[in-house]
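There are 2 protein chains.
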Amino acid sequence: MKNYLAPLGPKADKDTVRRHNLSLVLRAVREEGPAAEATRAGVSSRVGLTRAAVSSLVEQLIASGFLTESGKTFSGQAGRPGTALKVARTGPAGLGVEINIDYVSVCVVDLAGTGRVRQTEHLDNRGAPPGEVLARAAGIAARTLDSAREQDLFPVGAALALPGLVSGGSVRQAPNLGWNQVPAEEVFAGALAALRPGAAVLPVRSENEANLAALAELWFGGLEAVRSFLYLTGEIGVGGALVLDGELLRGAHGFAGEIGHVVVDPDGPECRCGSRGCLEQYAGQTALLRAAGIDAAGGGASGVMELERRAHAGDARAVGAVAEAGRMLGRVLSGAVNLFDPDAVVLGGIYRPLMPWLSPPADRELTGRVVSGLWSGGSGRLRASSVAGDAARGAAALVVQDVLADPAAYAAGSERLGA
Amino acid sequence: MKNYLAPLGPKADKDTVRRHNLSLVLRAVREEGPAAEATRAGVSSRVGLTRAAVSSLVEQLIASGFLTESGKTFSGQAGRPGTALKVARTGPAGLGVEINIDYVSVCVVDLAGTGRVRQTEHLDNRGAPPGEVLARAAGIAARTLDSAREQDLFPVGAALALPGLVSGGSVRQAPNLGWNQVPAEEVFAGALAALRPGAAVLPVRSENEANLAALAELWFGGLEAVRSFLYLTGEIGVGGALVLDGELLRGAHGFAGEIGHVVVDPDGPECRCGSRGCLEQYAGQTALLRAAGIDAAGGGASGVMELERRAHAGDARAVGAVAEAGRMLGRVLSGAVNLFDPDAVVLGGIYRPLMPWLSPPADRELTGRVVSGLWSGGSGRLRASSVAGDAARGAAALVVQDVLADPAAYAAGSERLGA
Numbered sequence: 000m001k002n003y004l005a006p007l008g009p010k011a012d013k014d015t016v017r018r019h020n021l022s023l024v025l026r027a028v029r030e031e032g033p034a035a036e037a038t039r040a041g042v043s044s045r046v047g048l049t050r051a052a053v054s055s056l057v058e059q060l061i062a063s064g065f066l067t068e069s070g071k072t073f074s075g076q077a078g079r080p081g082t083a084l085k086v087a088r089t090g091p092a093g094l095g096v097e098i099n100i101d102y103v104s105v106c107v108v109d110l111a112g113t114g115r116v117r118q119t120e121h122l123d124n125r126g127a128p129p130g131e132v133l134a135r136a137a138g139i140a141a142r143t144l145d146s147a148r149e150q151d152l153f154p155v156g157a158a159l160a161l162p163g164l165v166s167g168g169s170v171r172q173a174p175n176l177g178w179n180q181v182p183a184e185e186v187f188a189g190a191l192a193a194l195r196p197g198a199a200v201l202p203v204r205s206e207n208e209a210n211l212a213a214l215a216e217l218w219f220g221g222l223e224a225v226r227s228f229l230y231l232t233g234e235i236g237v238g239g240a241l242v243l244d245g246e247l248l249r250g251a252h253g254f255a256g257e258i259g260h261v262v263v264d265p266d267g268p269e270c271r272c273g274s275r276g277c278l279e280q281y282a283g284q285t286a287l288l289r290a291a292g293i294d295a296a297g298g299g300a301s302g303v304m305e306l307e308r309r310a311h312a313g314d315a316r317a318v319g320a321v322a323e324a325g326r327m328l329g330r331v332l333s334g335a336v337n338l339f340d341p342d343a344v345v346l347g348g349i350y351r352p353l354m355p356w357l358s359p360p361a362d363r364e365l366t367g368r369v370v371s372g373l374w375s376g377g378s379g380r381l382r383a384s385s386v387a388g389d390a391a392r393g394a395a396a397l398v399v400q401d402v403l404a405d406p407a408a409y410a411a412g413s414e415r416l417g418a
Numbered sequence: 000m001k002n003y004l005a006p007l008g009p010k011a012d013k014d015t016v017r018r019h020n021l022s023l024v025l026r027a028v029r030e031e032g033p034a035a036e037a038t039r040a041g042v043s044s045r046v047g048l049t050r051a052a053v054s055s056l057v058e059q060l061i062a063s064g065f066l067t068e069s070g071k072t073f074s075g076q077a078g079r080p081g082t083a084l085k086v087a088r089t090g091p092a093g094l095g096v097e098i099n100i101d102y103v104s105v106c107v108v109d110l111a112g113t114g115r116v117r118q119t120e121h122l123d124n125r126g127a128p129p130g131e132v133l134a135r136a137a138g139i140a141a142r143t144l145d146s147a148r149e150q151d152l153f154p155v156g157a158a159l160a161l162p163g164l165v166s167g168g169s170v171r172q173a174p175n176l177g178w179n180q181v182p183a184e185e186v187f188a189g190a191l192a193a194l195r196p197g198a199a200v201l202p203v204r205s206e207n208e209a210n211l212a213a214l215a216e217l218w219f220g221g222l223e224a225v226r227s228f229l230y231l232t233g234e235i236g237v238g239g240a241l242v243l244d245g246e247l248l249r250g251a252h253g254f255a256g257e258i259g260h261v262v263v264d265p266d267g268p269e270c271r272c273g274s275r276g277c278l279e280q281y282a283g284q285t286a287l288l289r290a291a292g293i294d295a296a297g298g299g300a301s302g303v304m305e306l307e308r309r310a311h312a313g314d315a316r317a318v319g320a321v322a323e324a325g326r327m328l329g330r331v332l333s334g335a336v337n338l339f340d341p342d343a344v345v346l347g348g349i350y351r352p353l354m355p356w357l358s359p360p361a362d363r364e365l366t367g368r369v370v371s372g373l374w375s376g377g378s379g380r381l382r383a384s385s386v387a388g389d390a391a392r393g394a395a396a397l398v399v400q401d402v403l404a405d406p407a408a409y410a411a412g413s414e415r416l417g418a
């Protein structure tokens with residue numbers, strides 16, 4: 000009988016413990032939020048380390064630019080006043096780069112989680128070779144880094160949000176971009192380094208864009224107590240992500256969440272993925288605009304605005320097309336809810352503005368098909384994503400979470416923070 | 000921005016640490032397996048506690064019956080010979096009770112994970128009131144406990160495996176049993192206590208039976224390196240479970256894995272769950288036998304044996320019925336694989352003997368419909384469950400895992416193990 004309990008690891012050594020405690024102290028200060036004032040004494044009682052140990056860790060975090068300290072604060076207790084500690088609003092930050100079918104969006108998020116710089120360019124990436132798209136994205140990123148520097152923000156890492164199957168630094172396949180086996184991290188990092196001679200090389204990671212949009216929803220959206228949810232984002236493709244108890248469910252190979260390729264009708268239209276009758280063929284942007292009789296030649300974003308306008312005006316074909324997409328979404332979602340039992344289903348991308356017409360039929364399917372009355376229509380468990388839920392911001396915030404989890408790994412002068 | 004990192008808990012106190020270390024030492028001895036010989040010195044270097052601390056913990060584990068020690072062992076190093084430690088093969092154990100549609104199966108698993116006693120009774124539970132079924136199961140459990148006592152095994156807890164939505168000790172709904180809101184743990188515990196006056200009251204927990212069959216597959220089956228898999232068990236219903244990185248994925252409310260109620264055809268036959276066209280209506284035992292033209296009046300088990308016999312004999316209707324069920328399974332499974340990205344899909348219950356006819360069409364659907372060539376036909380990722388994968392054994396083993404995780408909570412003389 001195998002053991003499912005946590006494996007018996009070796010005891011942590013001194014270096015591991017110190018790095019862990021740097022993270023603990025940084026997070027403890029950060030969780031006080033911008034309003035409250037953290038003190039060394041407060042952190043000490045919060046995390047259970049001695050006052051002396053906390054002071055030493057705090058000094059290192061200040062020296063490396065992760066914490067700042069300001070004026071005196073009075074705790075109300077006897078003794079010397081402490082100085083107030085805060086997470087730095089300048090210095091280390093995260094860079095997020097979303098490469099999507101018809102736009103590239105880049106943003107910088109500071110250690111507190113605030114979005115500070117954003118640059119978005121609309122352009123059709125479908126025809127271009129991957130290397131060219133990544134080089135263009137690097138160009139936008141370089142300009143964003145210039146803007147960030149003017150605010151004294153220096154991203155210590157970058158994360159790429161990509162609309163496809165992402166694993167081990169590469170895009171295995173992004174059917175809507177036409178990418179196959181593209182070593183995106185390496186190409187992007189190389190292009191960015193070439194644009195910034197002499198600058199420190201930024202470590203780059205990559206992730207599926209729906210996964211990052213879901214994390215942005217979790218961290219910045221209005222989900223409140225919801226910790227487990229299914230996230231769907233309608234674009235040219237239909238992306239999906241699963242968040243369980245606050246953690247992204249990536250699957251065994253990193254490809255989980257491909258709800259756009261769940262089959263609706265086994266004999267339905269061919270899909271770019273090679274199968275037939277995938278959800279994307281019924282509820283993706285192209286299918287939706289076609290069903291509504293809207294020529295998308297002017298670009299997807301304007302097509303969706305036109306669809307929304309017509310639906311508002313009561314155009315029967317537009318309303319019918321959105322309702323039918325909602326029914327198909329609801330049908331596939333009911334299966335996903337039966338499998339996964341989330342607290343909520345969050346719809347983003349093009350579905351956000353279409354919710355008034357999309358949501359009722361989807362909710363009806365869920366109510367009828369989720370087992371044993373576990374889904375009640377109108378319960379609010381089917382909801383639109385918040386504006387904040389975007390993949391570029393999620394990508395930048397992922398870098399910030401990396402920093403919070405192990406500040407020593409990201410310190411400019413890491414020898415000062417090391418063992 | 001919310002923090003997705005592990006919450007900052009308080010420091011562990013002495014009692015928590017001692018209980019944790021008791022578990023650590025017990026598991027370290029157990030992981031040596033029956034062949035190897037664990038010594039205090041070996042455990043000490045393995046878990047990183049001092050020799051004195053390990054000795055003190057070992058004494059308590061021996062006194063409470065979790066460990067035994069035998070003859071002298073020579074480590075090959077200088078110094079005194081140690082005594083060999085082993086996990087006790089008598090004393091504390093786990094009791095598993097599976098209540099299914101047409102049978103009840105009870106088993107006892109010892110601390111090493113070996114199944115030691117088993118009693119199964121075939122009986123149709125569909126007509127009977129829940130209290131009667133649970134009382135009958137308690138009767139079988141009481142007789143199994145008597146048999147266990149003859150082997151000096153004394154289960155310290157029981158787990159119920161139930162074919163329905165299980166949460167908070169109750170069956171919310173088990174459509175194929177006809178149960179609604181049945182407080183199964185309480186009723187079973189009461190019935191068992193009434194049958195064993197004067198005996199210690201056994202703590203009882205409960206879980207969905209497919210979840211426990213999946214855990215049995217994980218712990219006792221031939222999955223080897225597979226840590227993430229989808230498990231389907233064909234019975235009168237179609238149960239499912241998701242194991243991700245060695246852990247059961249229970250969902251936000253404990254109802255995850257209901258793959259039997261994923262929709263195949265939105266306008267298909269009515270299902271007991273209230274929806275239409277669920278997978279169960281195409282690949283459940285009743286549907287399968289009906290499609291094959293087999294009268295299931297003689298009981299499900301004999302019906303499935305007859306189906307297997309006819310398929311072996313090349314009966315076209317039987318082979319066609321199983322192949323069609325395989326196609327429907329494959330179609331739903333492809334969606335589930337796109338969502339979850341597991342290493343493998345494991346089919347148990349009635350699907351096991353039918354794999355020669357069921358597996359090829361299911362594998363073809365998976366190959367054609369899982370995104371981007373991530374599933375190759377014949378790769379062995381679609382496989383039959385092992386014989387060992389049964390819910391009663393999984394239930395008993397779950398109790399054993401509970402014991403290993405916190406032996407102090409289960410010690411007969413817990414004051415000896417407590418802080």
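First to last, the protein sequences are chains A and B. In terms of this note's numbering, the first sequence has 369 at position 370, counting the first letter as 1, and numbering is strictly consecutive. In terms of this note's numbering, the second sequence has 215 at position 216, counting the first letter as 1, and numbering is strictly consecutive. Cβ coordinates follow ideal geometry from the N, Cα and C atoms, glycine included. This one's a predicted model, so the numbers in the text were calculated from it and none came from an experiment.
Using a Cβ-Cβ distance under 8 Å, would E257/A count as near chain B? yes
Among all the DSSP beta bridges, which residues are the ones paired with H260/B? BP columns for H260/B are empty, so no partner.
Measuring straight from C-alpha to C-alpha, what distance separates L365/B and S166/B? 32 Å
Are there 16 or more other CB atoms within 10 angstroms of the CB of H260/A, so buried, or fewer, so exposed? buried
Between A136/B and A83/B, what straight-line distance do the alpha-carbon atoms span, to the nearest angstrom? 40 Å
Give the straight-line distance between the Cα atoms of L328/A and T232/B, rounded to the nearest whole angstrom. 27 Å
Against chain A, does A410/B count as a neighbour if the rule is that its beta carbon must be under 8 Å from one of theirs? no
Residues of chain A with CB under 8 Å from N210/B, in chain order? Here the premise fails: no neighbours, minimum Cβ distance about 12 Å.
From the beta carbon of V370/A, is the nearest beta carbon of chain B less than 8 Å away? yes
Cut-off 7 Å between Cβ atoms - residues of its own chain near E279/A, not counting five sequence neighbours on either side: G236, V237, G259, H260, C270
So is A224/A in contact with chain B if we call contact Cβ pairs under 8 Å? no
In chain A, which residues lie less than 7 Å from S274/B when you measure between Cβ atoms? G367, R368
Top-ranked residue by Cα proximity to W356/B, from R309/B, R368/B, G239/B: R309/B
Taking 8 Å as the threshold, find out whether the region 394 to 406 of chain A comes into contact with the region 87 to 94 of chain A through three or more Cβ pairs. yes
Let me know the secondary structure DSSP gives F228/B once reduced to three states. strand
Do we get a CB-CB distance below 8 Å when we pair L416/B with the residues of chain A? Any answer about L416/B is weak, because its pLDDT of 43 lies below 50 and its placement is not dependable; what the coordinates show is given next. Not an interface residue.
Looking at the unbroken alpha helix (DSSP H) that takes in P352/B, where does it start and where does it end? 350 to 368
Find the residues of chain A that neighbour P265/B, judging by a C-beta separation of less than 7 Å, and give them in chain order. R330
Just to confirm before moving on: does the CB-CB distance between S301/A and R351/A stay below 8 Å? no
For Q180/A, count the other beta carbons within 10 Å of its own beta carbon; 16 or more makes it buried, fewer makes it exposed. Which is it? exposed
Given that H19/B touches chain A, what residues does it touch there, using C-beta distances under 7 Å? Correct list: empty, because the minimum Cβ distance to chain A is about 11 Å.
Taking beta-carbon pairs under 7 Å, can you tell me which members of the region 331 to 364 of chain B lie near chain A? S333, G334, A335, N337, L338, F339, D340, P341, D342
Does any residue of chain B have a CB that is nearer than 8 Å to the CB of A188/A? no
Proximity to P268/B [Cα-Cα], best of A286/B, E323/B, E257/B: A286/B
Which residues in chain B have a C-beta closer than 8 Å to the C-beta of S227/A? List them in chain order. G250, A251
Of the listed residues A391/A, V402/A, A410/A, nearest to V107/A (C-alpha basis): A391/A
Can you confirm whether F254/B, when its beta carbon is compared against all beta carbons of chain A, has any partner nearer than 8 Å? yes
Measuring CA to CA, which of F219/B, R330/B, A240/B, G114/B is closest to D266/A? R330/B
Whole-angstrom C-beta distance between G256/A and A240/A, which should lie under 8 Å: 4 Å
Please report how far the alpha carbon of I98/B lies from the alpha carbon of A160/B, in whole angstroms. 6 Å
Under 8 Å between C-beta atoms of A324/B and A295/B: no
Using 8 Å as the threshold, is the C-beta distance between E206/B and A408/B below it? no
Based on the DSSP output, what are the partners of P277/B in its beta bridges? The sequence shown places Cys at residue 277/B, not Pro. Beta-bridge pairing links C277/B to V262/B.
How far does the alpha helix (DSSP H) with A160/B in it reach, from first residue to last? Here A160/B belongs to no alpha helix (DSSP H); instead the beta strand (DSSP E) covers 152 to 161.
Leaving out five residues before and five after E414/A in sequence, what residues of the same chain have Cβ atoms less than 7 Å from its Cβ? Unreliable placement is indicated for E414/A, whose pLDDT of 37 sits below 50; the coordinate value is still reported in the next sentence. Here the set comprises nothing.
Contacting residues, own chain, Cβ-Cβ under 6 Å from L214/B (five flanking each side not counted): G393
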